[in-house]
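**Student:**
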Amino acid sequence: MSVLVKSALPIVFLSISMLPISSAGAWERHTKTVGPHGKTVTTDARGSCKGENCRSVRHAHVSDGKDLQRAGTVNCHKETCVGKIRITGPDGVTVTRIIRVQE
């Protein structure tokens with residue numbers, strides 16, 4: 081499964097670190113992206129797989145904390161993934177996206 085993100089703004093800086101976790105099939109990823117206006121978007125993600133079952137959890141936020149809050153969980157079994165992503169904008173309104181991907 082891949083996600084394509086389009087942005088009209090150029091990305092100035094991107095930092096990614098992957099840290100192994102003690103349990104087999106588990107991973108963590110932390111990224112920081114600084115945009116052209118100096119705001120930093122921080123993303124923390126972690127996931128694990130056991131057999132054909134995988135789970136990932138991701139949190140993202142903008143440096144001032146007011147512009148965008150995004151959190152979500154996706155669970156996969158074989159070729160089917162289901163999940164929810166919650167996005168909260170600067171006005172406090174939250175949108176929940178239901179994800180279902182089947183290959």
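All residue numbers for the sequence shown refer to the numbering used here, where the first residue is 81 and numbers rise by one. Backbone N, C-alpha and C define an ideal beta-carbon position, used for all residues, glycine too.
#1: Classify residue 112 as helix, strand or coil using the three-state DSSP reduction.
#2: Considering only residues of the same chain and omitting the five flanking positions on each side of residue 151, which have a CB-CB separation below 6 Å?
#3: Span of the beta strand (DSSP E) holding residue 158?
#4: Leaving out five residues before and five after residue 174 in sequence, what residues of the same chain have Cβ atoms less than 6 Å from its Cβ?
#5: In terms of residues, what are the limits of the beta strand (DSSP E) holding residue 142?
#6: How far does the beta strand (DSSP E) with residue 130 in it extend, from its first residue to its last?
#7: Ignore the nearest five residues each way along the sequence and tell me which others in residue 153's own chain have a CB closer than 6 Å to its CB.
#8: Where do the ends of the beta strand (DSSP E) carrying residue 175 lie?
**Tutor:** Per the coordinate set shown:
#1: Residue state, collapsed to three classes: strand.
#2: The beta carbon of residue 151 sits closer than 6 Å to those of 139 and 166, all from its chain and outside the five residues before and after it, given in chain order.
#3: From DSSP, residue 158 is part of no beta strand (DSSP E); its letter is neither H nor E.
#4: Closer than 6 Å at Cβ, skipping near neighbours: 166 and 168.
#5: Unbroken beta strand (DSSP E) run through residue 142: 133-142.
#6: Membership of residue 130 in the beta strand (DSSP E) is indicated by the continuous run 120-130.
#7: Once the five neighbours on either side are set aside, the close Cβ partners of residue 153 are 137 and 163.
#8: For residue 175, the enclosing beta strand (DSSP E) stretches over residues 174-182.
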